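Numbered according to the working numbering, the sequence shown terminates at residue 347, and the numbering increases by one at each position without gaps. A virtual CB, placed ideally from N, CA and C, is assigned to each residue, including glycine. In this text the structure is predicted, and so the values were computed from the model without any measurement. Below is one structure, written out as structure tokens; comments come after it.
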Amino acid sequence: MSQKTLIVGFGIAGASLAHRLDEQDRDFKIISDHSQQATRVAGGVINPIALKRYKKAWNADLFFPKALAFYKALEIKLSDHFLDLRPTYKALKSAEDQNDFMAATDRSFLKDFLSSKILYNDKIFSDADAIGVVNSTYTIDLNTFLDQSIRYFDMRFLSDSFHYADLKCLEDHSFNYAGEIFDQVVFCEGYGVIHNPYFTDLPVYGNKGEYLILASDDLQLQNRILKSKYFLIPLGDNLYKFGANYDRNSLNNQPTQDARAHLLEQFEKMISCSYEVIDQVAGIRPTLKDRKPILGAHPSYQQMFIFNGFGSRGVLGAPHLSQILSGFIFGKKTLDSDIDVKRFY
Ligand SMILES: Cc1cc2nc3c(=O)[nH]c(=O)nc-3n(C[C@H](O)[C@H](O)[C@H](O)COP(=O)(O)OP(=O)(O)OC[C@H]3O[C@@H](n4cnc5c(N)ncnc54)[C@H](O)[C@@H]3O)c2cc1C
């Protein structure tokens with residue numbers, strides 16, 4: 003008899019896992035509410051390079067090609083367009099910064115992405131005379147991706163909160179949730195995991211991020227992303243996302259006046275143009291102290307799993323790691339110790 007899996011949470015973690023199980027024709031259900039919204043508000047930038055020090059992001063050589071292949075295949079499967087190539091223009095604010103950028107253009111992996119030609123006297127930034135170009139960055143429109151995935155999963159998707167008290171762990175290691183039997187439960191609740199009584203010992207902390215949504219007819223960025231202190235990401239129709247900041251204190255999804263004032267100040271330092279603030283959004287990045295994701299099985303309930311801890315790079319890592327997790331759950335493959343939830347037990 004085929005096994006049935008319950009996925010709790012439908013951000014990038016739950017959605018990636020659901021698509022992996024669907025590829026393998028597995029039987030599953032998804033339950034998710036709107037209590038967390040990291041994926042819905044994220045910039046959706048797929049960038050394999052840490053732009054502060056021009057280093058490869060963790061595992062980016064593995065994650066980047068997997069992410070592109072995954073999202074391209076899903077555009078076909080879901081019959082919609084949500085992936086765009088958008089080169090990033092990075093402000094180089096000092097001679098040292100320019101030297102560091104140039105040095106990186108010679109390094110393996112990085113040289114495939116960074117243009118060796120620095121742009122000078124390009125009047126894009128007010129706060130820099132030189133620009134380093136990262137050619138192969140992409141964005142994914144995460145709301146279209148999630149909405150189309152929900153439409154595709156149809157009856158398998160239940161829009162509701164998961165009530166932990168209603169989960170019964172049965173003697174044969176399966177679960178009864180609200181009268182339905184599941185062989186596995188996989189928790190993908192993002193920062194909502196802090197309310198999960200089965201994983202109370204994990205050192206997950208939240209890192210709130212906010213974006214301003216700006217409208218400007220003056221800015222003509224075409225498809226380019228700009229990066230100075232923060233990112234300016236084109237959304238189409240003369241709309242732009244600007245941010246996101248990091249705040250470890252006010253951990254809720256409410257936009258704040260402080261972040262708005264700070265982001266506006268930074269925007270006006272970075273660029274000179276007329277604009278209007280259309281909206282402001284906030285979400286919480288689920289982050290671990292060691293900045294690595296968490297995958298794997300509960301120490302006592304062997305068919306209960308977790309998929310979380312994506313911090314600020316969920317869009318890059320989830321496609322590969324969802325494949326690794328499904329291999330662990332169904333193929334009895336082992337997990338690397340640096341991502342295994344076991345490292346905290
Ligand atoms: C402002 C901001 C900008 C970002 N920009 C980028 C970027 O450009 N590129 C990038 O790679 N990453 C970015 N990130 C990081 C990325 O968004 C996260 O790593 C990722 O979205 C986390 O996904 P998740 O699925 O784990 O959590 P979430 O997206 O938060 O999804 C969890 C889901 O589970 C649901 N849930 C929780 N508890 C329950 C429950 N009890 N019952 C039912 N449902 C529940 C929530 O409501 C939610 O739908 C950004 C994050 C923020 C906040």
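Check: Residue ranges of each alpha helix (DSSP H) within the stretch 235-311, 4 or longer; Outcome: 259-272
Check: Top-ranked residue by Cα proximity to Asp131, from Ser151, Asp86, Ile273 and Ile286; Outcome: Ile273
Check: Runs of alpha helix (DSSP H) wholly within the stretch 27-105 (minimum 4 residues, chain order); Outcome: 40-43 and 62-80
Check: Entirely enclosed alpha helix (DSSP H) segments - the stretch 313-343, minimum 4 residues; Outcome: 316-333
Check: Lys68, buried or exposed, once every other Cβ within 10 Å from all chains shown has been counted against 16; Outcome: buried
Check: Length-filtered (4 minimum) alpha helix (DSSP H) runs lying within the stretch 93-171; Outcome: 97-106 and 144-155
Check: Own chain partners of Asp129 with C-beta closer than 7 Å, once the 5 adjacent residues on each side are dropped; Outcome: Ala93, Lys95, Ser230, Lys271 and Met272
Check: Closest residue to Asp340 among Lys291, Pro301 and Thr146 (Cα-Cα distance); Outcome: Lys291
Check: Ala180 - DSSP class collapsed to helix/strand/coil; Outcome: coil
Check: Neighbour-count burial assignment, Arg315, 16 or more Cβ in a 10 Å radius; Outcome: buried
Check: Neighbourhood of Lys335 by C-beta distance below 8 Å, restricted to the same chain and skipping five residues each side; Outcome: Ile326 and Gly329
Check: Glu25 in three-state terms, based on DSSP; Outcome: helix
Check: Segment limits, beta strand (DSSP E) that includes Ile9; Outcome: Lys6 to Val10
Check: Tyr179 versus Ala20, Leu23 and Ile33, residue with shortest Cα-Cα distance; Outcome: Ile33
Check: Beta-carbon contacts of Tyr73 that lie in its chain and below 6 Å, excluding the five residues immediately before and after; Outcome: Leu85 and Ile142
Check: Phe346 beta carbon less than 9 Å from that of Pro205; Outcome: yes
Check: For Arg250, the nearest candidate out of Asn198, Gln26, Phe127 and Ala261 (CA to CA); Outcome: Ala261
Check: Paired residues, beta bridge with Phe233 - DSSP; Outcome: Lys229 and Gly245
Check: Close-in-space but distant-in-sequence residues of the same chain around Tyr248 (CB under 6 Å, 5 per side omitted); Outcome: Asn209
Check: Meets three-Cβ-pair contact criterion under 8 Å: the stretch 105-124 and the stretch 164-178; Outcome: no
Check: Phe66 vs Leu323 beta-carbon contact at 9 Å; Outcome: no
Check: Assigned exposure category for Thr289 - 16 Cβ within 10 Å defines buried; Outcome: buried
Check: C-alpha gap between Gly46 and Asn145, whole angstroms; Outcome: 10 Å
Check: Residue range of the unbroken beta strand (DSSP E) whose run includes Glu173; Outcome: Glu173 -> no beta strand (DSSP E), and no H or E assigned at all.
Check: Alpha-carbon spacing of Tyr242 relative to Phe269, whole angstroms; Outcome: 11 Å
Check: Own chain partners of Asp220 with C-beta closer than 8 Å, once the 5 adjacent residues on each side are dropped; Outcome: Cys275, Ser276 and Tyr277
Check: Closest Cα partner of Phe309 within the set Ile78, Pro89, Cys190 and Trp60; Outcome: Cys190
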